[in-house]
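999 is the number that our numbering gives to position 36 of the sequence shown; each next residue is one higher, with no gaps. Here's the structure we're looking at; comments come further down.
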Amino acid sequence: MLPISGKSKVEKPGDLPALVLAYVGDAVYELAVRSSLVNAGLVRVNRLHDEAVKYVNAGAQARLLRLLEGILTEEEAEVVRRGRNARSPHAPRGAGVVEYRHSTALECLIGYLYLKGDTDRLAEIMSLLLKAAGESNN
């Protein structure tokens, strides 16, 4: 699923600040989206960028977070809550505050799972998210 392998060296990712988890999660999510688009046969850079932007924006990520509500473990739901409540020093561009916080929460969850080394759960969630995002973009 993700072209990244190996166990993270972070022993307790839950102890990291939520915005650090979101920072990592943003990169992991972006890489998964880009890899998925290339694997789908897109090879023109302009088209890749145009398609990736449909997946990687606060509004899309906030909508995707809602899909996960019924399937998260208590631990994951707590990570999402921490991400949603984190106070970012950056103002959202092109998104409302609520959308921005929900997208941060999704990125926080992805970063947490990645740093925890839970590749199976990360792949399961990313597969669900990419499938849903692809369906809503078609």
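By construction, the Cβ of each residue, glycine as well, lies at the ideal position given by its N, Cα and C atoms. The structure displayed is predicted, hence computed values, not measured ones.
Check whether residue i and residue j have beta carbons under 8 Å apart
i, j, result
"I1073", "L1091", "no"
"I1088", "L1005", "no"
"R1029", "R1047", "no"
"E1070", "D989", "yes"
"R997", "A985", "no"
Beta-carbon contacts of residue i that lie in its chain and below 8 Å, excluding the five residues immediately before and after
i, result
"N1020", "G1057, A1058, S1066"
Contact set for residue i: own chain, Cβ-Cβ below 6 Å, skip 5 residues either direction
i, result
"P1052", "none"
"V1043", "A1068, L1072"
Below-8 Å beta-carbon distance, residue i vs any chain D residue
i, result
"V1006", "Considering every chain present, this structure includes no chain D. It has just one protein chain."
Inter-residue CB distance, residue i and residue j (contact presumed, cutoff 8 Å)
i, j, result
"K1017", "A1023", "7 Å"
DSSP state of residue i mapped onto helix, strand, coil
i, result
"T1067", "helix"
"L984", "helix"
"A1096", "helix"
Proximal residues to residue i (C-beta, below 7 Å), its chain only, five neighbours per side dropped
i, result
"A1095", "L1027, L1030"
"G1097", "none"
"V987", "G1074, Y1077, L1078"
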